[in-house]
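Below: the structure, in structure tokens.
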Amino acid sequence: MDATGEIAAESRGTLSVITRREILRDVLVASAGIIVTSQWSPGFGRDEDRLKPLLHPDDPWAAVPDILGRIVPPVFPKRDFLITRYGGDIAKAINACHRAGGGRVVVPKGDYLTGPVRLLSRVELHLDAGATLRFSNDPEKYPLVYTRWEGVELMNYSPLVYAFECEDVAVTGDGTLDGQADEKHWWNWKPASGPSDRSQPEPPAPQVADRMQLMEQAEHGLPVEQRIYGKGHFLRPTFIEPYRCRNVLIEGVTVKNAPFWNIHPTLCTNVTVRGVKVIANGPNTDGCDPESCRGVLIEDCVFDTGDDCIALKSGRNADGRRVNVPVEDVIIRRLQMKAGHGGITIGSEISGGARNIFAEKCTLDSPTLERGLRMKSNTMRGGVIENVFVRDIEIGNVLFAPIEIDLRYEARESGPFLPVVRNIVVERMRSAHSRYGLYIRGLEQAPVRGVTLRDCTFRGVTNGQVIEGAVDVTLRGMIVEAAPARKEGTR
């Protein structure tokens, strides 16, 4: 780095940076030395299956076939139950299908208005091409169920499509599920982001008081059955949520206008999300948020979201530690990601941990996409994020950074629960334009360890690098190019 702050065009060796209370910018200097602070250790007592990726130290990707072999999508009897035979009543068709031992509940071509849909074991909800399910945006239609909201368990409005403690459930087809959320329904419960045009401050959005109360109840250990929200409260439901289910398939459908998170498998085993298109422009409309799940495959999907495209989660703060189930053994591949806060995100509700995450062959590009690979936590969330392997990611424009690791996320939250990030390997990631190359904010008392970037190229970087706290990062074959200087008189 020279006095003008230019970014070195190329790094041909390796670089490991340990910083103390400073921001380093433009740090890719070919002559820099190598500092290795520690050997990564798995810690924890874990069963053999969970250690699979660690059994291939030279090629962690060799574990992927083993993980895929344990992700078993459901198989259903070849019986169809058309909702039109039940007067368009989806619940009656689902109950009939379940009583018969399972099959497909078919929504034929057409436009249908429905309330919440409750799936049962061995039932596949199938939408034919040209079929649209439009969900009521009247909150009173949605009964109380056991669910999770921003990583905290509670009794709240039913998700629009919900399954609880089921085996073999699916939502498939070429049709569309429309949550019908908009600025006057559901989304107006969330505080507005960005400046207001009004001369007077707006009153707090309805969600604020309920959210604060729920978080306080969880921190004080109030039993879940007594955390009652729903009618008269303002915590928005998710769209598709299988809860404590085994063998889940969501395939082919288009999902749009969700009140809140779109696809939210929680405490599930063997989850496949394939060929889905998510269109979401509202607040917190994450694309797919597997939470405390084991064995998840997300492939060949398109995400155009109002928040993170993919967000891997495992519970928030005290409630996440109470449940204490990580999100693990996750395969992400061949996704197209457009607008959103982050493309592939881990956190911030990550108190139960995340491990054995593999992502490859994805494309990300949008003028409103903020980050590529993102990991976020703080000293109230804690959690261990480990064994994250990412390769062959193409990023066009990203507003903030292709890679962000932030252990000071929502810094107003602080506590004694130190987050851990270790064993992160990124290979062949390329980006065309961003504010920063790397953006890593670690903590002095909780170093970020074992981050390796190989053969990555970040072009059009306007503000260099940001690395704070104790960070161990190794760069091999790294190229970072500054954006061309702006000419005088141009904007």
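6 is the number of the first residue of the sequence shown in the working numbering; add one for each residue after it. Glycine residues also receive a C-beta, built at the ideal position from the N, C-alpha and C atoms. All values reported here derive from a predicted model rather than from experimental measurement.
Backbone secondary structure at residue i - three-state DSSP
{"i": "Q185", "result": "coil"}
{"i": "T89", "result": "helix"}
{"i": "M385", "result": "coil"}
{"i": "I76", "result": "coil"}
{"i": "G325", "result": "helix"}
{"i": "R216", "result": "helix"}
{"i": "N498", "result": "Nothing about residue 498 can be reported from this structure: the residues present for the chain run from 6 to 496 only."}
{"i": "Q44", "result": "Confidence at Q44 is low in this model, with a pLDDT of 26, below 50, so the placement of that residue should be treated as unreliable; the coordinate-derived value is given next. Three-state DSSP puts Q44 in coil, outside helix and strand."}
{"i": "E333", "result": "strand"}
{"i": "C293", "result": "strand"}
{"i": "P65", "result": "helix"}
{"i": "R339", "result": "coil"}
{"i": "N100", "result": "helix"}
{"i": "N142", "result": "coil"}
{"i": "L56", "result": "Its pLDDT being 45, under 50, L56 is placed unreliably in this model, and the value from its coordinates should be taken loosely. Three-state result, L56: helix."}
{"i": "R191", "result": "According to the sequence provided, residue 191 is Trp. The question's Arg does not apply to it. The answer is strand: DSSP assigns W191 an E or B state."}
{"i": "P407", "result": "strand"}
{"i": "D71", "result": "helix"}
{"i": "E354", "result": "coil"}
{"i": "A416", "result": "coil"}
{"i": "E224", "result": "helix"}
{"i": "V32", "result": "Residue confidence is low: V32 scores 33 on pLDDT, short of 50, so the model does not pin down where it sits. Its coordinate-derived value is still stated next. Three-state result, V32: coil."}
{"i": "R25", "result": "Because R25 sits at a pLDDT of 31, beneath the cut-off of 50, its placement in the model cannot be relied upon, and the following sentence gives the value as read from the coordinates. Reduced to three states, the DSSP call for R25 is coil."}
{"i": "E230", "result": "helix"}
{"i": "A37", "result": "Unreliable placement is indicated for A37, whose pLDDT of 27 sits below 50; the coordinate value is still reported in the next sentence. Residue state, collapsed to three classes: coil."}
Option in the options with minimal Cα separation from residue i
{"i": "F239", "options": "Q218, G345, M385", "result": "Q218"}
{"i": "A210", "options": "P288, L272, G184, L165", "result": "P288"}
{"i": "G135", "options": "V122, E145, P113, A98", "result": "P113"}
{"i": "I183", "options": "W194, K189, V166, A175", "result": "Inspection of the sequence shows that residue 183 is occupied by Asp rather than by Ile. Ranking W194, K189, V166, A175 by Cα distance to D183 puts V166 first."}
{"i": "D312", "options": "G292, N329, V301, P331", "result": "G292"}
{"i": "K381", "options": "A359, K366, P489", "result": "A359"}
{"i": "A416", "options": "I398, N383, S436", "result": "N383"}
{"i": "L302", "options": "G325, I255, S371", "result": "I255"}
{"i": "V485", "options": "K261, P407, V307", "result": "P407"}
{"i": "L369", "options": "D411, V403, P295, F363", "result": "V403"}
{"i": "L138", "options": "P70, N100, K261", "result": "K261"}
{"i": "I268", "options": "K236, A323, A175", "result": "A175"}
{"i": "R249", "options": "R435, L125, V307", "result": "L125"}
{"i": "Y441", "options": "S371, A98, Q470", "result": "Q470"}
{"i": "A223", "options": "G447, G257, G320, Y414", "result": "G320"}
{"i": "I76", "options": "V278, H346, D397", "result": "V278"}
{"i": "P498", "options": "F140, Y147, T467", "result": "The requested residue 498 does not occur in the structure, where the chain is confined to residues 6 to 496."}
{"i": "L87", "options": "G474, A101, V425", "result": "A101"}
{"i": "K195", "options": "R241, L443, V426, K146", "result": "R241"}
{"i": "L73", "options": "E333, L480, V453, V426", "result": "E333"}
{"i": "L149", "options": "L443, S436, P121", "result": "P121"}
{"i": "I245", "options": "H225, T290, D133, E304", "result": "T290"}
{"i": "F308", "options": "Y147, V476, A68, L374", "result": "L374"}
Any non-hydrogen atom of the ligand GDP closer than 8 Å to residue i Cβ
{"i": "A136", "result": "Summarising the ligand content, the structure contains no ligands, and the ligand GDP is consequently not present."}
C-beta atoms of residue i and residue j nearer than 9 Å
{"i": "T462", "j": "V478", "result": "no"}
{"i": "G482", "j": "R459", "result": "yes"}
{"i": "C497", "j": "L340", "result": "No answer is possible for residue 497: it lies beyond the span of the chain, which begins at 6 and ends at 496."}
{"i": "K282", "j": "T310", "result": "no"}
{"i": "R109", "j": "R84", "result": "yes"}
{"i": "W191", "j": "F265", "result": "yes"}
{"i": "T89", "j": "T152", "result": "no"}
{"i": "N329", "j": "G357", "result": "yes"}
{"i": "R338", "j": "E365", "result": "yes"}
{"i": "G568", "j": "R379", "result": "The structure shown does not extend to residue 568, since the chain spans only 6 to 496, so no value can be given for it."}
{"i": "T177", "j": "H131", "result": "yes"}
{"i": "D411", "j": "I355", "result": "no"}
{"i": "P65", "j": "F363", "result": "yes"}
{"i": "R376", "j": "E409", "result": "yes"}
{"i": "P295", "j": "K236", "result": "no"}
{"i": "N286", "j": "N252", "result": "no"}
{"i": "A168", "j": "R123", "result": "yes"}
{"i": "A437", "j": "P452", "result": "no"}
Which residues DSSP lists as bridging residue i, in chain order
{"i": "Y151", "result": "M160"}
{"i": "T479", "result": "T457"}
{"i": "C306", "result": "In DSSP, C306 forms no bridge with anything."}
{"i": "K318", "result": "E296"}
{"i": "R282", "result": "Residue 282 is actually Lys in this sequence, not Arg. BP columns for K282 point to T259, V307."}
{"i": "F239", "result": "For F239, which the question treats as bridged, DSSP gives no partner whatsoever."}
{"i": "C367", "result": "I398"}
{"i": "R249", "result": "Beta-bridge pairing links R249 to no other residue."}
{"i": "D312", "result": "Per DSSP, none; premise fails for D312."}
{"i": "D116", "result": "T137"}
Count Cβ pairs between the stretch 221-233 and the stretch 158-177 that sit closer than 8 Å; are there 3 or more?
yes
Stretch-stretch touch, CB-based, cutoff 8 Å, three pairs: the stretch 378-397 with the stretch 413-429
yes
At least three beta-carbon pairs within less than 8 Å, the stretch 429-441 to the stretch 389-400:
yes
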